[in-house]
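What follows is one structure encoded as structure tokens, with my remarks underneath.
Numbering (my numbering), first residue to last: 464 to 777.
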């Protein structure tokens, strides 16, 4: 496995670990002589996370201008950055954003990046009925379809998947989901129809937890120093190289597209590219590689049984 990308400390070096579980896929999903695979994923949420908290925020000029930074500045800046470092990324786009900013979404496709499904209005599925969730799912797909985009994968808003989410993803012919957090490497997931691939994310590799600040609605009170954030992400990359895992970075264009944060992101990418045992792929390509890796193992997502007499609402 690869050496640590961070300066040595007084802490003992991590020992190589084996990711042992019934859902493990063969190591060939990593690729020959590769210790970690990195996926750069971006959310093009526009105003949807704000408006899903309340229609009244449409009347807040500052809040809406904060979100419009995405289309006006951040996306062109990030697309140029990705072109400079020659990395293809995956952009998760809600249907409402595809409808309101079709030229922005088209620019992502034209630059050679993947566009994936991210609901319609960014309302978390766990707060919806099954019928409402299906409507959100179908409406978001239809909006992308009108831009001639057939998404290969899905990510639930706020990663708030339900136990029905994998079935919806498979039903509509998509090959992967990226919402569940029970592994740090990809695996094949059983559904009511064909299996899909799960590409696990985590909050520790999410810029929202580092940079999101809005007084109202309260979606985060964080303005961390970009160099501090990237140093933490490099620590995560080093650990993923130790265990042979997936480095799934999640960025929001209106957050990471700010100048200092974009410069820091470039440092992270270039540092990773300097390592011979790390490779970048899109989420769709990684899902294809996992499917082709030869594993027959399927993970089954089991509902947790919680005794209502013991775990009641206090």
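No residue lacks a Cβ here, since even glycine has one placed at the ideal position from N, Cα and C. Since we're looking at a predicted model, the values are computed, not measured.
DSSP lists 617 and 661 as the bridge partner or partners of residue 640. Boundaries of the beta strand (DSSP E) harbouring residue 743: 741 to 743, taken from the DSSP string. Bridge pairing for residue 651: 660 [DSSP].
Counting only runs that start and end inside the region 563 to 640, the beta strand (DSSP E) elements of at least 3 residues fall at 577 to 580. Between residue 652 and residue 661, the gap from beta carbon to beta carbon is short of 8 Å. Measuring C-alpha to C-alpha distances from residue 729 to each of 748, 751, 694 and 703 identifies 694 as the nearest. Sixteen is the threshold: since fewer than 16 other Cβ atoms of the shown chains lie within 10 Å of the Cβ of residue 494, the residue is exposed.
About 6 Å separates the Cβ atoms of residue 744 and residue 500, confirming a contact at the 8 Å cut-off.
In the three-state reduction of the DSSP assignment, residue 529 falls in the helix class, which pools H, G and I. In this chain, the beta strand (DSSP E) harbouring residue 712 covers 709 to 715. Residue 506: not part of any alpha helix (DSSP H); member of the beta strand (DSSP E) spanning 499 to 506, first to last residue.
The three-state secondary structure of residue 553, taken from DSSP, is strand. Taking the CA atoms as reference points, residue 628 sits about 24 Å from residue 517.
Each residue's CA atom was taken as its position, placing residue 707 and residue 552 some 21 Å apart. In the DSSP annotation of this structure, the continuous segment of the alpha helix (DSSP H) that includes residue 695 starts and ends at 689 to 706. Contact check for residue 715 and residue 671: beta-carbon distance about 6 Å, within the 8 Å limit, so the pair qualifies. In this structure, 555 is the residue among 768, 739 and 555 with its C-alpha nearest to the C-alpha of residue 747. A straight-line Cα-Cα distance of about 33 Å links residue 614 and residue 690. Annotation: residue 723 to residue 538 spans about 15 Å, alpha carbon to alpha carbon. Less than 8 Å separates the beta-carbon of residue 720 from that of residue 533. Within its own chain, the residues whose Cβ lies closer than 7 Å to the Cβ of residue 588, once the five positions on either side in sequence are excluded, are 596, 619, 623, 624, 625 and 628, listed in chain order. Just so you know, the alpha carbons of residue 739 and residue 749 end up roughly 18 Å apart.
For residue 512, the CB contacts under 7 Å within the same chain, skipping 5 residues up- and downstream, are 585 and 682 in chain order. As a beta-bridge residue in DSSP terms, residue 669 pairs with 713. In terms of CA proximity to residue 711, 505 leads the group 505, 737 and 491. Here the alpha carbons of residue 520 and residue 527 stand approximately 8 Å from one another. Judged by beta-carbon spacing, residue 644 lies within the 8 Å limit of residue 664, meaning their Cβ atoms are closer than that value. Taking all protein chains shown into account, residue 566 has fewer than 16 neighbouring C-beta atoms within 10 Å of its C-beta and is therefore exposed. Measuring C-alpha to C-alpha distances from residue 616 to each of 631, 610 and 602 identifies 631 as the nearest.
Closest in C-alpha terms to residue 606, from the list 563, 735 and 761, comes 563. No Cβ-Cβ contact shorter than 8 Å links residue 542 with residue 579. By the 16-neighbour rule on beta-carbons within 10 angstroms, residue 703 is buried. Residue 591 and residue 604 have their C-alpha atoms spaced approximately 17 Å apart. Residues of the same chain with a CB within less than 6 Å of the CB of residue 582, apart from the 5 flanking positions on each side, are 557, 599, 603 and 620 in chain order.
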